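The letter at position 86 of the sequence shown is residue 86 when you use the UniProt record's numbering, and the numbering goes up by one with no holes.
C-beta: ideal position from N, C-alpha, C; glycine also.
All values reported here derive from a predicted model rather than from experimental measurement.
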Amino acid sequence: MVHGENPQSHFIDTSKASAARMYDWLLGGTENYEVDRNACAKLLEIAPSTQQLARTNRDFLRRVVRILAERGINQFLDHGSGLPTQDNVHEVAQRTCPGAKVVYVDNDPMVLAHARTTLDDNENTMVLDYDMRRTRDIKRASQALLNWDEPIAVLFVSVLHCLPDADDESDPAALIRAIADDLAPGSYMVICQLVSDDPLVRQGVTQLMADVTGGQWGRVRETHEVRRFFDPLVIEKPDLVDVIDWRPDSPPPPPHLRPTDWVEWGGVGRVRKTKHP
């Protein structure tokens, strides 16, 4: 069921590209429009490895959810969940832990439309129609399914580059701190985003995505900026890395076969603190 719906979010605007629909196309999906495919073509001109990175990122998501479920985590809060594809978070988690509960957060109208038809028969899932920066509302609404006094895995997988920097609580780093403060000891946060050492790639992609999405974009960052997101957390081994190197199931590609334009970079942080009464 979709909760917290905003009637305005039901309108699918096909005059602008959507990051969720572009990601769907990059993964080989069909839930996208010509405007999204055209935007992807322009994106690939700036960063040719983008399609490879989308698939690498999806593999990382499957891997990290499976590993956390194997550790006994049975609650997941997935921000910017995107369009359904194979092996969504609840499917991966529930294979290991059949009773795992998953709350998806997204406000893309096409994502919500699919959620209404595909998740209604799964009583251990919930979809929240919220901007991911509304942390207080998300916590309140998710309590219908999740127990915040027990460990939760909070996912920000390839989504923080959609958020701009800010001087208030909507800033990505501030958002991470606010959620970490609310989580029970033993919780995890999974964070990764697109980064580049090349200023032309950072500037070119950031400007393109802002243009094609009508401003629904943040920016491509550098690795040291993403590391700052983990300040409230204890970083799990193997530290923060290109996600293809995060506990891979098979040998990752050698350096000469790696993308040189940009990478998906991040890792997993653990909440370790004593909650105040």
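With the rule of 3 Cβ pairs closer than 8 angstroms, the segment 142 to 153 counts as touching the segment 68 to 78. Every alpha helix (DSSP H) stretch that sits fully inside the segment 34 to 91 and reaches 4 residues is listed by chain position as 34 to 46 and 50 to 70.
Runs of the beta strand (DSSP E) spanning 3 or more residues and lying entirely within the segment 85 to 165 occur at 101 to 105, 125 to 128 and 153 to 157, in chain order. Within its own chain, the residues whose Cβ lies closer than 6 angstroms to the Cβ of Ala20, once the five positions on either side in sequence are excluded, are Gly82, Leu83, Asp108 and Val111, listed in chain order. Remark: C-beta atoms of Tyr130 and Asp137 approach each other more closely than 8 angstroms. Gln193 counts as buried, since at least 16 other C-beta atoms from the protein chains shown sit within 10 angstroms of its C-beta.
DSSP places Gln216 outside both helix and strand once states are collapsed to three, so it counts as coil.
Around the C-beta of Leu240, 16 or more other C-beta atoms lie within 10 Å, and the residue is accordingly described as buried.
In the three-state DSSP reduction, Glu222 falls in the coil class, being neither helix nor strand.
The C-beta distance from Arg270 to Tyr188 rounds to 5 angstroms, short enough to meet the 8 angstroms contact threshold. With contacts defined as CB atoms closer than 8 angstroms, Val190 and Val268 qualify as a contacting pair. Contact check between the segment 158 to 171 and the segment 217 to 227: three or more CB pairs, one atom from each, fall below 8 angstroms, which counts as touching. The segment 226 to 236 and the segment 177 to 186 touch, with three or more beta-carbon pairs separated by less than 8 angstroms. Burial state of Leu44 is exposed, judged by a 10 Å Cβ sphere holding fewer than 16 other Cβ atoms. For the segment 230 to 258, not one full-length beta strand (DSSP E) segment reaches 3 residues or more.
Our two residues, Ser250 and Val201, have alpha carbons roughly 29 angstroms apart in a direct line. By the neighbour-count criterion, in which 16 or more other beta carbons inside 10 Å mark a residue as buried, Thr118 falls on the exposed side. Judged by DSSP in its simplified three-state form, Val271 adopts coil rather than helix or strand. Taken atom to atom, the span from the alpha-carbon of Tyr33 to that of Thr14 is near 7 angstroms. Straight across, the Cα-Cα distance linking Pro172 with Ala166 is about 8 angstroms. For a cut-off of 8 angstroms, the C-beta gap from Val92 to Arg66 is around 5 angstroms, short enough to register as a contact. Assignment of Ile179 by DSSP, reduced to helix, strand and coil, places it in the helix class. Distance from the Cα of Cys40 is smallest, within the candidate group Tyr104, Arg272, Lys237 and Thr213, for Thr213.
Contact between Val102 and Val89 holds, with the beta-carbon distance rounding to 5 angstroms and staying under 8 angstroms.
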